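Asker:
2 protein chains.
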Amino acid sequence: MSKVKLQDIAIKAGVSMMTVSRVMNNDPKVGAKTREKVSKIANEMHYKPNIAARHLASSRSYFIGLVCEYANYSYVSKFLVGALRKCRTSGYHIILDEATSHREKTIATIKDLIYVTKVDGLILLPPISNIPEVVDLLVSENIDFVRIAPDINLTASHYICIDDYQAAFEVTEKLILNGHKRIAHIIGSPSQGASRMRYQGYLDALRSNQLMIPPEYIEQGDFTYKSGLDAAKRLLELTNKPDAIFAANDEMAAAVVSVAHMKHLDVPEDVSIVGFDDTELATTIWPNISTVTQPLEEMAELAIDILTTPKTPSPPKKPKMSSMRHVLEYQLQLRDSSKNNVNLT
Amino acid sequence: MSKVKLQDIAIKAGVSMMTVSRVMNNDPKVGAKTREKVSKIANEMHYKPNIAARHLASSRSYFIGLVCEYANYSYVSKFLVGALRKCRTSGYHIILDEATSHREKTIATIKDLIYVTKVDGLILLPPISNIPEVVDLLVSENIDFVRIAPDINLTASHYICIDDYQAAFEVTEKLILNGHKRIAHIIGSPSQGASRMRYQGYLDALRSNQLMIPPEYIEQGDFTYKSGLDAAKRLLELTNKPDAIFAANDEMAAAVVSVAHMKHLDVPEDVSIVGFDDTELATTIWPNISTVTQPLEEMAELAIDILTTPKTPSPPKKPKMSSMRHVLEYQLQLRDSSKNNVNLT
DNA sequence: CAAAATATTGTTAGCGCTAACATTTTATTG
DNA sequence: CAATAAAATGTTAGCGCTAACAATATTTTG
Numbered sequence: 004m005s006k007v008k009l010q011d012i013a014i015k016a017g018v019s020m021m022t023v024s025r026v027m028n029n030d031p032k033v034g035a036k037t038r039e040k041v042s043k044i045a046n047e048m049h050y051k052p053n054i055a056a057r058h059l060a061s062s063r064s065y066f067i068g069l070v071c072e073y074a075n076y077s078y079v080s081k082f083l084v085g086a087l088r089k090c091r092t093s094g095y096h097i098i099l100d101e102a103t104s105h106r107e108k109t110i111a112t113i114k115d116l117i118y119v120t121k122v123d124g125l126i127l128l129p130p131i132s133n134i135p136e137v138v139d140l141l142v143s144e145n146i147d148f149v150r151i152a153p154d155i156n157l158t159a160s161h162y163i164c165i166d167d168y169q170a171a172f173e174v175t176e177k178l179i180l181n182g183h184k185r186i187a188h189i190i191g192s193p194s195q196g197a198s199r200m201r202y203q204g205y206l207d208a209l210r211s212n213q214l215m216i217p218p219e220y221i222e223q224g225d226f227t228y229k230s231g232l233d234a235a236k237r238l239l240e241l242t243n244k245p246d247a248i249f250a251a252n253d254e255m256a257a258a259v260v261s262v263a264h265m266k267h268l269d270v271p272e273d274v275s276i277v278g279f280d281d282t283e284l285a286t287t288i289w290p291n292i293s294t295v296t297q298p299l300e301e302m303a304e305l306a307i308d309i310l311t312t313p314k315t316p317s318p319p320k321k322p323k324m325s326s327m328r329h330v331l332e333y334q335l336q337l338r339d340s341s342k343n344n345v346n347l348t
Numbered sequence: 004m005s006k007v008k009l010q011d012i013a014i015k016a017g018v019s020m021m022t023v024s025r026v027m028n029n030d031p032k033v034g035a036k037t038r039e040k041v042s043k044i045a046n047e048m049h050y051k052p053n054i055a056a057r058h059l060a061s062s063r064s065y066f067i068g069l070v071c072e073y074a075n076y077s078y079v080s081k082f083l084v085g086a087l088r089k090c091r092t093s094g095y096h097i098i099l100d101e102a103t104s105h106r107e108k109t110i111a112t113i114k115d116l117i118y119v120t121k122v123d124g125l126i127l128l129p130p131i132s133n134i135p136e137v138v139d140l141l142v143s144e145n146i147d148f149v150r151i152a153p154d155i156n157l158t159a160s161h162y163i164c165i166d167d168y169q170a171a172f173e174v175t176e177k178l179i180l181n182g183h184k185r186i187a188h189i190i191g192s193p194s195q196g197a198s199r200m201r202y203q204g205y206l207d208a209l210r211s212n213q214l215m216i217p218p219e220y221i222e223q224g225d226f227t228y229k230s231g232l233d234a235a236k237r238l239l240e241l242t243n244k245p246d247a248i249f250a251a252n253d254e255m256a257a258a259v260v261s262v263a264h265m266k267h268l269d270v271p272e273d274v275s276i277v278g279f280d281d282t283e284l285a286t287t288i289w290p291n292i293s294t295v296t297q298p299l300e301e302m303a304e305l306a307i308d309i310l311t312t313p314k315t316p317s318p319p320k321k322p323k324m325s326s327m328r329h330v331l332e333y334q335l336q337l338r339d340s341s342k343n344n345v346n347l348t
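Chains as they are written, first to last, in the numbering used here: chain A, 4 to 348; chain B, 4 to 348.
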């Protein structure tokens, strides 16, 4: 099966290769009649550009780097599926690269993506999205990038998030409305702003319902199952146990489920448990975990849209905050790990 | 930061570009003195080839396609980490693509990887590794590929697996040695040969220890959590309940844990539970699941080694079965989901 | 209507590297 | 030592496409 080249289209259309190239790249400098004729022929002949040739001849590689920390595999997996699907339809390839907690290695990884692989843009997942050195490097090298749920340098790049504060407020308020009076929280990783927003949303929901928050009801986790185990043990050993525990992600919530079962507590009769993210894990254990659905696949698609949309050649100007901030909708997902009043779900 | 080109090395070494190219590609037709001089300069100048240029000028893209079905995200994630790490060090890029259960779409995906992306090789994870149409297409197009745990056309390509039969035999025998007398099995997806091997190993361990296998102790699953839930419900509703359940993968084992807890059974006091694969899930629930560790990361590395090692230009000959079959070591991983005699662990 | 401006299309050169062939150097043979 | 063969190195052309500039066609302006 021999691949169709630009030249084949040019010959058939009776125009130069450069005109075909202009049509394929949506260059405005092509007449409507020519454009239509070339497009038709290209479609009929199933023309697909050779990306190596494009890369060599131009300033674009058609690669998008996705940099993540694989410890949070459940979150990453879901994002990745969305990213792959989107790239399939837009002629880009995802180059997935793993960052580590070792900051210098992460910088080296990013440099490799910029200088060797020559990605057209980068998507940074948390916690990479919050490393100042990374952000500074990308800005100084004028690399296009999108961050997911960042909490620093919010004008440095486009970013995509959900309203973590509002989601946490609502899910906590839902617990309150469903009769819970002693609600504990396991805070996520301190290096992530989402952790603080979720915590603040939790606090404010309790305050606005005039509920007390005993200090021993607040535990610090780091989004890992292990940190969730430790936190849950302390919470479920209290004399005055919480009747609900809101953990900042599904993995820590799963750990709370585990500890509750170890202590022969009934979930949700003795303690309701709520997570965050709605990863596969939330529905791979019993009881299925109530959580907040982050539209990770949509976020991935949007990130790729942003990076693959041609930039209008306008004078460099401080971009409006509002045009760089993309807040997507979350959903409360109430399942069997929490007591939910049937009338309100 | 300007990238070093082949020509820069050639000028500094006082040789032609072609000689530098030969050195970088380990072509034997270079004198030792020349080779050493060029290598030294290339290292000092941190030369890294432009892959787009290489791809355009030669028959290689330096892409490796990895085709998987994302339903089994835990297994895929682990394999992917190994693959990414290996590729980082060998100048290749992984192009991850998702297959679906829809066979025609999968073929289209593979064709795209072959004809458009022009991958140098493909890695097929189960169950893609067992689709005859895919194997036939790759063979007929003379595409280099490696399969993971295939059960069809074993001479069609290199393949990598563990001894599923032996692993299942050993883990079952371990359950027997630890006092279990009524051991049930949830078979994996019938479309995968590993399922049959694990089942056969289980059967043979029981037979060689003169233990009866009531027919109601065998359940058919499909590697998903949901199929595990259904199977476990039936097994744990039996009057004569099994005292151990060996599920063909971790996800189904997790489902058995869930059902046991739903029924207020104690794991492992009332029923030991064993999975297979040792994915992250096995240690993200309570109790942590006993399982067989598949060295997924090593498998990934080996697959990439096979695909990236230059082929010796020998006459086409039916390759020896033994040189295409790569069997890696597994490990029994006994954790809290099963009753384990301390003296024997 | 002619000149100027704008839009469209085509030509040229080259991106960084390597396949294929040519030339030079070195080793082997008689 | 000369001739031949093999090894090493160099030259040429081009992979498929696009940036930059040139040429041509069309539209606008006075």
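Virtual Cβ for every residue (Gly too), placed ideally from N, Cα, C. Bear in mind that the values here come from a model prediction, so they are computed numbers and not experimental data.
Looking at the structure shown, is A:L331 part of a helix, part of a strand, or coil, going by DSSP?
Answerer: Three-state DSSP puts A:L331 in a strand.
Asker: Is it buried or exposed for B:I189, if we count other Cβ within 10 angstroms and need 16 for buried?
Answerer: B:I189 comes out buried.
Asker: Let me make sure I understand the geometry here. Which of B:G85, B:H105 and B:R106 has the alpha-carbon closest to that of B:H96?
Answerer: Ranking B:G85, B:H105 and B:R106 by Cα distance to B:H96 puts B:G85 first.
Asker: With 16 as the cutoff for other CB atoms within 10 Å, does B:P218 come out buried or exposed?
Answerer: Flag for B:P218 reads exposed.
Asker: Is the distance from the Cβ of B:V274 to the Cβ of B:A250 below 9 Å?
Answerer: Going by C-beta atoms, B:V274 is not nearer than 9 Å to B:A250.
Asker: Ordered along the chain, which non-local residues of its own chain (more than five positions away) have a Cβ less than 6 Å from that of A:L239?
Answerer: V262 and K266.
Asker: On the DSSP bridge assignment, give the partners of A:S293 in chain order.
Answerer: The partner list for A:S293 (beta bridge, DSSP) reads A:V277.
Asker: With which residues is A:A60 paired in a DSSP beta bridge?
Answerer: Note: A:A60 sits in no beta bridge, so no partner.
Asker: Just to make sure I have the definition right: I need the residues of chain B whose C-beta is within less than 7 Å of the C-beta of A:E283. Which are they?
Answerer: The contacting residues are Y76.
Asker: Please confirm if the region 146-154 of chain B is in contact with the region 107-126 of chain B, defined as three or more CB-CB distances below 8 Å between the two stretches.
Answerer: Yes: the two stretches touch, three or more of their Cβ pairs being nearer than 8 Å.
Asker: With the cut-off set at 9 Å, would you say A:R201 and A:D167 are in Cβ contact?
Answerer: Contact flag set, yes.
Asker: Using 9 Å as the threshold, is the C-beta distance between A:S80 and B:Y76 below it?
Answerer: Closer than 9 Å, so yes.
Asker: Please confirm if B:R88 has its CB atom under 9 Å from at least one CB of chain A.
Answerer: By this cut-off, B:R88 is an interface position.
Asker: Show which residues of chain B have a CB atom less than 9 Å away from the CB atom of A:V84.
Answerer: Within chain B, the residues near A:V84 are Y73, Y76 and E101.
Asker: In or out: B:P318 buried (at least 16 other Cβ within 10 Å) or exposed?
Answerer: Reliability of the predicted coordinates at B:P318 is poor, the pLDDT of 44 falling under 50, and no value is obtained from them.
Asker: Kindly say whether A:H329, judged by its beta-carbon, lies nearer than 9 Å to any beta-carbon of chain B.
Answerer: Cβ-Cβ to chain B under 9 Å: no for A:H329.
Asker: Which first and last residues belong to the alpha helix (DSSP H) in which A:M110 is found?
Answerer: First, the residue type needs correcting, since residue 110 of chain A is Ile and not Met in the sequence shown. A:I110 -> alpha helix (DSSP H) spans R106 to K114.
Asker: Use the C-beta contact count for A:D139: other C-beta atoms within 10 angstroms, 16 or more gives buried, fewer gives exposed.
Answerer: Per the 10 Å Cβ criterion, exposed.
Asker: So A:A197 is in the beta strand (DSSP E); what residue range does that whole segment cover?
Answerer: No beta strand (DSSP E) holds A:A197; the alpha helix (DSSP H) holding it covers G196 to S211.
Asker: Which residues mark the beginning and the end of the beta strand (DSSP E) in which B:A35 is found?
Answerer: Element bounds for B:A35: not the beta strand (DSSP E) but the alpha helix (DSSP H), A35 to E47.
Asker: Would A:T120 and A:V70 be called neighbours here (beta carbons separated by less than 9 Å)?
Answerer: No, they are not a contact pair.
Asker: Relative to the C-alpha of A:Y78, which residue among A:D281, A:M21, A:S143 and A:L241 is closest?
Answerer: Nearest option by C-alpha distance: A:D281.
Asker: Does DSSP put A:R150 in a helix, in a strand, or in coil?
Answerer: In the structure shown, A:R150 sits in a strand (DSSP, three-state: E or B).
Asker: Can you list the residues of chain B that A:Y228 reaches, using a CB-CB cut of under 9 Å?
Answerer: E283, T286, T287 and I288, listed in chain order.
Asker: Name the DSSP bridge partner or partners of A:Q223?
Answerer: For A:Q223, which the question treats as bridged, DSSP gives the partners A:I190.
Asker: Which residues of chain A have a Cβ atom closer than 7 Å to the Cβ of B:P261, listed in chain order?
Answerer: The question names Pro, but residue 261 of chain B is Ser in the sequence shown. Ordered by position in chain A, the residues that pass the 7 Å Cβ test against B:S261 are I288 and W289.
Asker: Under 9 Å Cβ-Cβ, which residues of chain B neighbour A:E254?
Answerer: Those are T287, listed as they occur along chain B.
Asker: Since A:R6 meets chain B, which of its residues come closer than 9 Å, beta carbon to beta carbon?
Answerer: Looking at the sequence itself, residue 6 of chain A is Lys, so the reference to Arg does not match. The contacting residues are Y118, V119 and K121.
Asker: Kindly indicate which three-state DSSP category A:P316 falls into: helix, strand or coil?
Answerer: Here A:P316 scores only 47 on pLDDT, less than 50, and its place in the model is too uncertain to base an answer on.
Asker: Strictly under 9 Å for the Cβ-Cβ distance: is B:M265 near chain A by that measure?
Answerer: Cβ-Cβ to chain A under 9 Å: yes for B:M265.
Asker: Please report the distance separating the alpha-carbon of B:D339 from that of B:V142.
Answerer: Distance between the alpha carbons of B:D339 and B:V142 is about 45 Å.
Asker: Look at the alpha carbon of A:K6 and the alpha carbon of A:Y50, and state the distance between them as a whole number of angstroms.
Answerer: If I take the Cα positions, the gap works out to 8 Å.
Asker: Does A:L241 come within less than 9 Å of chain B when only Cβ atoms are used?
Answerer: For A:L241, the answer is no, since every Cβ of chain B falls outside 9 Å of its Cβ.
Asker: Would you kindly work out how many angstroms separate the C-alpha atoms of B:S104 and B:I117, rounded to a whole number?
Answerer: B:S104 and B:I117: Cα-Cα distance of roughly 20 Å.
Asker: Give me the residue from A:E283, A:A247, A:Q195 and A:G182 with the minimum Cα distance to A:N344.
Answerer: Nearest option by C-alpha distance: A:G182.
Asker: Report yes if the CB atom of B:A306 is closer than 9 Å to the CB atom of B:I163, and no otherwise.
Answerer: Contact flag set, yes.
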